[in-house]
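Asks: One structure coming up, written as structure tokens, with questions to follow.
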Amino acid sequence: MPDVVKFIIIIVFGYLLGNFSSAKFLSHIVKDDITKHGSGNPGTMNMLRTFGVKLGALTLLMDVLKGAIPSLIGYFMFGGGATIPAYIGLFVGGFSAVIGHIFPVFYKFKGGKGVACIIGMFAVAEPLWALGVLVICFVYLLLFKYGVLASFIFITILTIIEGYRFRGNLVICLLLFGVFCMTWFMHRQNFFRLLIGKENKVNLFKKKSKETKVNKAEKKKLAKEKKIKEIG
4 MPDVVKFIII IVFGYLLGNF SSAKFLSHIV KDDITKHGSG NPGTMNMLRT FGVKLGALTL
64 LMDVLKGAIP SLIGYFMFGG GATIPAYIGL FVGGFSAVIG HIFPVFYKFK GGKGVACIIG
124 MFAVAEPLWA LGVLVICFVY LLLFKYGVLA SFIFITILTI IEGYRFRGNL VICLLLFGVF
184 CMTWFMHRQN FFRLLIGKEN KVNLFKKKSK ETKVNKAEKK KLAKEKKIKE IG
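All residue numbers for the sequence shown refer to this note's numbering, where the first residue is 4 and numbers rise by one.
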């Protein structure tokens with residue numbers, strides 16, 4: 004199979020898989036809509052703030068897989084091993100999933116911020132480093148509760164590590180630089196709120212937000228009133 008065809012397959016598959024919104028899917032299962040809570044962002048941090056650690060962790064896992072699966076496919080389609088073509092395939096697959104997550108065609112190009120997908124990509128490229136940095140970021144999140152900084156720390160460190168590792172390859176360095184720039188761009192409002200002291204914090208052990216409970220109570224009340232009217 005020609006390399007061009009391989010890249011097309013990886014890019015299309017990665018993008019379409021990235022379109023699947025884990026946060027929206029899980030929030031619909033509990034008969035709610037994550038886009039109507041908190042920041043409105045269909046991502047891990049908003050799921051944590053709104054629905055608690057269980058659904059937040061499940062969202063994270065599903066989005067990490069969205070980045071990891073296309074990365075693995077791209078890696079093995081180009082032969083695997085410690086070869087440059089294999090890693091180009093890996094980063095192209097991961098990058099495509101990130102683009103699909105951030106700009107999903109099925110949701111009018113309004114998606115999440117891509118952090119979990121990027122974690123999945125780096126987990127395939129550099130599993131030990133990714134795990135170590137992820138633990139550091141988790142501890143930071145527990146202590147300081149700023150999700151945006153934890154995400155940025157992870158992506159910055161892994162971008163530097165991989166950038167240094169593949170410093171002789173322009174294609175990989177451009178892909179890494181693209182991921183890094185997208186992280187900055189997608190979190191620009193978070194960084195601004197952080198500077199003015201209005202950024203939301205994340206409590207990992209919070210089960211559900213009051214907002215969610217109130218909304219569910221209102222829905223039950225409306226449903227009850229509707230039933231009474233129908234009977235009457």
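For each residue, glycine too, the CB sits at the ideal point set by N, CA and C. The model shown is predicted, which means the values in this text are computed figures rather than measured ones.
#1: Could you spell out the range, first to last residue, of the alpha helix (DSSP H) harbouring H104?
#2: Under DSSP, the alpha helix (DSSP H) around N49 begins and ends at which residues?
#3: Check this for me: beta carbons of N193 and K148, under 8 Å apart or not?
#4: Tell me whether Y167 is buried or exposed, calling it buried when 16 or more other Cβ atoms sit within 10 Å of its Cβ.
#5: So, at 6 Å on beta carbons, what are the nonlocal neighbours of M80 in its own chain, with the 5 sequence-adjacent residues on each side left out?
#6: Apart from the five residues just before and just after K165, which ones in its own chain have a Cβ nearer than 8 Å to its Cβ?
#7: Okay, do the region 71-91 and the region 40-57 touch, 3+ Cβ pairs below 8 Å being the bar?
#8: Distance check for G150 and Y143, CA to CA, integer angstroms please.
#9: Give the list of continuous alpha helix (DSSP H) stretches no shorter than 4 residues that lie fully inside the region 106-181.
#10: Using 8 Å for Cβ pairs, my map puts K116 next to H190. What's the rounded Cβ distance?
#11: Which residue marks the beginning of the alpha helix (DSSP H) containing K27, and which one marks its end?
#12: Based on Cα-Cα distance, which residue from L152, T159 and C184 lies nearest to L198?
#13: Given this structure, state the Cα-to-Cα distance separating G200 from G43, to the nearest angstrom.
#14: Following the continuous alpha helix (DSSP H) through V8, name the residue where it begins and the one where it ends.
#15: How many Å lie between G59 and K39 at the Cα?
#16: Grab me the residues of F141's own chain with a C-beta within less than 8 Å of its C-beta, minus the 5 sequence neighbours each way, in chain order.
#17: Below 8 Å between beta carbons: does that hold for F281 and I122?
#18: Helix, strand or coil: how does DSSP classify I37 here?
Replies: Let me spell this out:
#1: As a working note, residue 104 is residue 101 in the sequence shown. Note, H104: alpha helix (DSSP H), I87 to I105.
#2: As a position in the sequence shown, residue 49 is number 46, starting the count at 1. Counting along the chain, the alpha helix (DSSP H) containing N49 begins and ends at T47 to F54.
#3: Numbered from 1 along the sequence shown, position 190 holds the residue referred to as residue 193. Numbered from 1 along the sequence shown, position 145 holds the residue referred to as residue 148. In this structure, N193 lies away from K148, with their beta-carbon atoms at least 8 Å apart.
#4: Here residue 167 refers to the residue found at position 164 of the sequence shown. Burial call: exposed.
#5: Position 77 of the sequence shown, counted from the start, is the residue given in the question as residue 80. Sequence-distant Cβ neighbours of M80 in its own chain, meaning closer than 6 Å and more than five residues away, are K9 and G92.
#6: On the sequence shown, residue 165 is found 162 positions in, with the first residue counted as 1. Per the sequence shown, residue 165 should be read as Glu rather than Lys. Around E165: F125, A128, E129, I175 and L179.
#7: Judged by Cβ distances under 8 Å, the region 71-91 makes no contact with the region 40-57, as fewer than three pairs qualify.
#8: What you label residue 143 is simply residue 140 of the sequence shown in a count that begins at 1. What you label residue 150 is simply residue 147 of the sequence shown in a count that begins at 1. The alpha-carbon atoms of Y143 and G150 are separated by roughly 9 Å.
#9: Within the region 106-181, the complete alpha helix (DSSP H) runs of at least 4 residues are 118-128, 130-147 and 150-168.
#10: The residue given as residue 116 occupies position 113 in the sequence shown. The residue given as residue 190 occupies position 187 in the sequence shown. That pair is a contact at about 6 Å.
#11: Within the sequence shown, numbered from 1, the residue matching residue 27 stands at position 24. It spans S25 to I32 - the alpha helix (DSSP H) in which K27 sits, taken as one unbroken run.
#12: Working through the sequence shown from its first residue, we reach residue 198 at position 195. Checking every option, the nearest Cα to that of L198 belongs to L152.
#13: Locating residue 200 in the sequence shown gives position 197, counting from the first residue. Locating residue 43 in the sequence shown gives position 40, counting from the first residue. Distance between the alpha carbons of G200 and G43 is about 19 Å.
#14: Translated into the one-based positions of the sequence shown, residue 8 becomes position 5. V8 -> alpha helix (DSSP H) spans D6 to N22.
#15: Residue numbering aside, residue 59 sits at position 56 when the sequence shown is read from its first letter. Residue numbering aside, residue 39 sits at position 36 when the sequence shown is read from its first letter. Going from the Cα of G59 to the Cα of K39 covers about 16 Å.
#16: The residue given as residue 141 occupies position 138 in the sequence shown. Result list for F141: A153, in chain order.
#17: Nothing can be reported for residue 281: it is not among the residues displayed for the chain, which extend from 4 to 235.
#18: One-based indexing of the sequence shown puts residue 37 at position 34. I37 falls in the helix class under three-state DSSP.
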